[in-house]
Amino acid sequence: MPELPEVEVTRRGIAPHVEGRLLTRVILRRSGLRWPFPPALPALLEGQTLRSTSRRGKYLLLQFDHGSLLVHLGMSGHLRMLPVGHPAQKHDHVDLEFGSELMRFTDPRRFGALLWHGNEDGELAAHPLLRSLGVEPLGRDDLAQLLYRNTRTRSAAIKQVLLAGDIVVGVGNIYACESLFEAGIHPNTAARRISLERYARLARAIQRVLAAAIAQGGSSLRDFIGVDGASGYFQQSYFVYDREGEDCRQCGSAVRRILQGQRSTFYCARCQR
Ligand SMILES: [Zn+2]
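Right, dumping it as structure tokens:
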């Protein structure tokens, strides 16, 4: 599943090809993915200039003068830049053409989304899919304080609180496991029992792990194809993720796996307390 680093890598990949460019044609090859596409999308976008790209959590935001297109890659979606006329395959659902180049949205499992938010619909940040998202983790100096302050009454396990995304976005399963290992925090620890000092370690770990994944071109996704056609699945060397039974790289004891909310959590019982 594309996580924050893949979405950010995708944004950085497409930005030089689409920002400031006139959108010449919209091709919808089906009526929707997770939700129906806005049927008026061609009329809304053709002849408009895409001004800028940004990202909020795992939503890619393409800004036009009259509104924004929200793109979510779902479980298996990816975007690529291709020459106009490049033949479409089975799972290529949407093309946005910019002159001689097109941005193609491919999504075999069809959990992705394409939504329009016009200026008349109000602030983009107030969109139902965006308004309850937690803060962006990168570049936040106050992340530790935020985590500490917002968990004083939460007895859920810290791993679950991170995955919930309502305090901080972008810490999916892989990054939660790796960050908790780096911070030396047991994934089952009740969030409200963690001190500010330990949250400071966790905040630094989250930021470092995500920044490293972005720098390496994204990780975690076998289906991710970079905009230049290269695989975005970077063979990262994880400390604990997907390493059940193998030696902890720090202390040598066996990495363990437990289930938390139907998801596998990997951790070292000696390094994480
Ligand atoms: Zn260990």
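Sequence positions in the sequence shown follow the working numbering and run 51 to 323. Glycine is no exception: its CB is placed at the ideal position from the N, C-alpha and C atoms. Everything numeric in this text was worked out from a predicted model, so none of it was measured.
### Query
Does the beta-carbon distance from LEU95 to VAL76 come in below 7 Å?
As a first step, residue 95 must be located in the sequence shown, where it is residue number 45. As a first step, residue 76 must be located in the sequence shown, where it is residue number 26. Yes, these two residues count as a Cβ contact at 7 Å.
### Message
Going residue by residue through the segment 141-209, where are the continuous beta strand (DSSP E) segments of at least 3 residues, counting only ones entirely within it?
### Response
142-148, 151-156, 163-168
#### Entry: DSSP state of ILE264 mapped onto helix, strand, coil
Here residue 264 refers to the residue found at position 214 of the sequence shown. Note: ILE264 maps to helix in three-state DSSP.
### Message
Count Cβ pairs between the segment 66-80 and the segment 143-160 that sit closer than 8 Å; are there 3 or more?
### Response
yes
### Query
Per DSSP, what kind of secondary structure is ASP273 in: helix, strand or coil?
Counted from its first residue, the sequence shown places residue 273 at position 223. Only weak support exists for where ASP273 lies, its pLDDT of 44 falling under 50; the coordinates are left without a value.
### Query
THR99 bridges to which residues according to DSSP?
Reading the sequence shown from its first residue, position 49 is the one you call residue 99. According to DSSP, which records beta bridges pairwise, THR99 is partnered with LEU72.
### Task
Report the rounded CA-to-CA distance for ARG199 versus ARG79, giving the unit in angstroms.
Numbered from 1 along the sequence shown, position 149 holds the residue referred to as residue 199. Numbered from 1 along the sequence shown, position 29 holds the residue referred to as residue 79. Rounded to the nearest angstrom, the two C-alpha atoms are 47 Å apart.
### Task
Can you give me the Cβ contacts of SER270 inside the same chain, cut-off strictly under 6 Å, excluding the 5 residues immediately before and after it?
Numbered from 1 along the sequence shown, position 220 holds the residue referred to as residue 270. With a pLDDT of 44 at SER270, under the threshold of 50, the predicted position of this residue should be treated as unreliable, though the coordinate-derived value follows. Same-chain partners within the cutoff: GLU53, ILE224.
### Message
Considering only heavy atoms of ligand 1, does any lie closer than 6 Å to the CB of ARG307?
### Response
In the sequence shown, the residue the question calls residue 307 occupies position 257. Incorrect: ARG307 has no Cβ contact closer than 6 Å to ligand 1.
### Message
Quick check on GLY82: does DSSP put it in helix, strand or coil?
### Response
On the sequence shown, position 32 is the one that residue 82 refers to. GLY82: strand per DSSP, three-state reduction.
### Query
In terms of alpha-carbon separation, which member of GLN113, VAL134, PRO133, GLY107 lies closest to HIS122?
Within the sequence shown, the letter at position 72 stands for residue 122. Of the candidates GLN113, VAL134, PRO133, GLY107, the one whose C-alpha sits nearest the C-alpha of HIS122 is GLY107.
### Query
Any heavy atom of ligand 1 closer than 6 Å to the CB of CYS227?
Taking the first residue of the sequence shown as position 1, residue 227 is located at position 177. It does not: the Cβ of CYS227 is nowhere closer than 6 Å to a heavy atom of ligand 1.
### Query
Which partner residues of TYR317 appear in the DSSP bridge assignment?
Position 267 of the sequence shown, counted from the start, is the residue given in the question as residue 317. Bridge partners of TYR317: ARG306.
#### Entry: Assigned exposure category for SER126 - 16 Cβ within 10 Å defines buried
Translated into the one-based positions of the sequence shown, residue 126 becomes position 76. It is buried - the Cβ of SER126 has at least 16 other Cβ atoms within 10 Å.
### Task
Would you check if the distance between the CB atom of LEU120 and the CB atom of LEU165 is smaller than 7 Å?
In the sequence shown, counting from the first residue as 1, residue 120 sits at position 70. In the sequence shown, counting from the first residue as 1, residue 165 sits at position 115. For LEU120 and LEU165, yes; Cβs fall inside 7 Å.
### Query
Taking the runs of the beta strand (DSSP E) that are 3 residues or longer, which of them lie wholly in the segment 99-142?
102-106, 109-114, 117-122, 128-133
### Residues near ASP273 by beta carbon distance below 6 Å, same chain, minus five either side
What you label residue 273 is simply residue 223 of the sequence shown in a count that begins at 1. The predicted model places ASP273 with a pLDDT of 44, which falls under 50 and marks its position as unreliable; any figure quoted below should be read in that light. Once the five neighbours on either side are set aside, the close Cβ partners of ASP273 are SER126.
### Query
Is the beta carbon of ASP11 sitting closer than 7 Å to the one on GLY189?
Because the chain here runs from 51 to 323, residue 11 falls outside it and cannot be looked at.
### Meets three-Cβ-pair contact criterion under 8 Å: the segment 172-183 and the segment 154-162
no
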